[in-house]
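Its first residue numbered 1, the sequence shown is counted upward by one per residue in the UniProt record's numbering. Data first, discussion second: the structure below is written as structure tokens.
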Amino acid sequence: MIEILSPREVERARSAGALVAHILQTCRERTQVGTNLLEIDRWAQELMAEGGGVSCYVDYAPSFGRGPFGHYICTSVNDGVLHGLPRDQALEDGDLLTLDIAVLVDGIAADSAVSFVVGEARDAADLALIDVTRRALDAGIAAVGPGARLGDVSHAIGEVLTGAGYPVNTDFGGHGIGSTMHQDPHVPNLGRPGRGYRLRPGLLLALEPWVMADTDELVTDDDGWTLRSATGCRTAHSEHTVAVTEDGVEVLTLPRG
1 MIEILSPREV ERARSAGALV AHILQTCRER TQVGTNLLEI DRWAQELMAE
51 GGGVSCYVDY APSFGRGPFG HYICTSVNDG VLHGLPRDQA LEDGDLLTLD
101 IAVLVDGIAA DSAVSFVVGE ARDAADLALI DVTRRALDAG IAAVGPGARL
151 GDVSHAIGEV LTGAGYPVNT DFGGHGIGST MHQDPHVPNL GRPGRGYRLR
201 PGLLLALEPW VMADTDELVT DDDGWTLRSA TGCRTAHSEH TVAVTEDGVE
251 VLTLPRG
């Protein structure tokens with residue numbers, strides 16, 4: 001089912017988006033060489049509680065994972081790209097880290113992800129990976145608006161990713177979001193313009209371009225959750241939750257201040 005939110009529910013989504021943005025920004029600022037992934041998970045839990053949020057992840061148990069997830073934030077390192085299960089691992093200089101978090105506030109969810117290099121970036125290719133996901137996200141957001149088609153959004157994202165020479169996996173992508181974290185419609189990172197569901201005011205979408213440097217194939221860790229590139233190559237992932245408005249689009253998970 002595709003959920004269309006009322007103006008009052010969209011206002012609650014703004015609160016959820018602000019909390020998600022604050023948690024990600026704070027965790028990113030605190031993360032340094034030697035930080036343990038479990039420490040980041042504790043920060044996320046504490047910040048979520050302080051902000052009056054409820055985790056979308058702790059009890060999450062979809063068919064593709066070995067649930068429940070049992071943690072508050074996804075921490076994917078280097079060749080890990082999605083659903084990275086926090087574990088006892090200290091980050092090293094030059095690690096490429098993706099943080100991904102979804103939170104409910106007053107019954108409405110928001111979801112966002114950011115990739116960055118811990119310490120000193122040793123390879124320009126890592127920065128290029130991060131940059132292309134950010135540019136693809138911007139392109140996807142620009143394609144959102146009342147009356148636009150879902151395929152327009154997917155096409156805009158895919159044009160940036162494939163135009164930069166990266167293969168694209170369509171098994172996992174963006175999604176509808178609202179009273180639950182993952183809803184219809186699925187928003188693949190490739191698509192055909194002019195096709196698919198017509199966007200309506202009140203629809204929330206989590207757009208999330210992600211790429212792996214030289215493959216579109218994923219493998220799953222023994223933890224049953226962490227998805228990695230099949231070749232061991234580096235990966236990156238960017239995500240925002242957006243609301244379709246009467247006259248365009250509003251990004252709900254931008255950091256404030």
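All residues carry an ideal CB built from backbone N, CA and C; glycine is no exception.
The shortest CA-to-CA distance from Tyr166 to any of Ala213, Ile157, Asp152 is the one to Ala213.
The C-alpha of Ile141 lies about 20 Å from the C-alpha of Leu99. Per DSSP, the beta bridge partners of Ile101 are Ser112. Annotated as distal: Leu96 and Arg228, with beta-carbon spacing of 8 Å or more. Per DSSP, Ala206 is one residue of the beta strand (DSSP E) stretching across 204 to 207. Boundaries of the alpha helix (DSSP H) around Cys27: 7 to 30. Scanning Val249, Arg135, Ala90 for the CA closest to the CA of Asn78 turns up Ala90. Of all alpha-carbon atoms in Leu37, His22, Ala61, the one lying nearest the alpha-carbon of Gly53 is that of His22. Boundaries of the beta strand (DSSP E) harbouring Val249: 249 to 251, taken from the DSSP string. Look at Gln45 here: in three-state DSSP terms it is helix. Ile101 places its beta carbon 8 Å or farther from that of Ser179. Straight-line measurement puts the Cα of Arg12 at about 19 Å from the Cα of His175. Secondary structure in the region 128 to 178: the alpha helix (DSSP H) runs of 4 residues or longer, each lying completely within the stretch, are 150 to 163 in chain order. Taken through DSSP and simplified to helix, strand or coil, Leu82 comes out as strand.
Rounded to whole angstroms, the Cβ separation of Val105 and Leu205 is 18 Å, and the two are not in contact under 8 Å. Thr170 places its beta carbon 8 Å or farther from that of Ala236. Cβ neighbours of Gly34 within its own chain (closer than 6 Å, five residues either side excluded): Ala90.
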